[in-house]
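First residue of the sequence shown? That's 74 in the working numbering, and the numbers climb one at a time after it. Have a look at the structure below before the remarks.
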Amino acid sequence: MATEIAPVADLVDEIRPTVLVVDAEGFESEILPACPLERLRAVIVEFHEEPLGASGVAALRDLLSRAGFSEKPAYGEAGNGVATGVWLREDEASA
């Protein structure tokens, strides 16, 4: 059985999720910039410093911030170059 691959923007348009969970083993930098983040209420993402590097992770965190999300640091965990973060729309984060 073959696995179908579709652009994340197409999936968000078709399925219309409110939450996106990304565990892409270092390919977060390919997925997040291509995603229509304005349609989401929350993003849960596992950042991999290898191969992204600290600057790559910082750039993705900045992307989420500029898209109107705030990180909930109490939910994040870091270890072995991997950090999981919960990002909520700023209006959702204060609720």
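We put the CB at the ideal spot given by N, CA and C, even for glycine.
DSSP beta-bridge partners of residue i
i	result
I117	V94 and V159
S143	L161
Alpha-carbon to alpha-carbon, residue j and residue i
i	j	result
V187	L137	The question about residue 187 has no answer, for the chain in this structure spans 74 to 168.
A131	F120	10 Å
T76	G126	29 Å
D164	N153	32 Å
R114	A107	16 Å
F142	M74	37 Å
V118	D86	20 Å
E123	D135	18 Å
A79	G99	18 Å
A89	G158	With the sequence shown as reference, residue 89 is identified as Arg, and Ala is not the correct amino acid for it. Near 22 Å, if we compare the C-alpha coordinates of G158 and R89.
V155	A97	11 Å
Environment of residue i [buried if 16+ CB atoms lie within 10 Å]
i	result
S102	buried
L110	buried
R162	buried
Opening and closing residue of the alpha helix (DSSP H) in which residue i lies
i	result
E101	E101 to I104
A75	Counting along the chain, A75 falls outside any alpha helix (DSSP H), and DSSP gives it neither H nor E.
Closer than 7 Å to chain D by CB, residue i
i	result
A156	The structure shown has no chain D; it contains just one protein chain.
CB-CB length for residue i against residue j, believed under 8 Å
i	j	result
V95	L105	7 Å
V116	W160	4 Å
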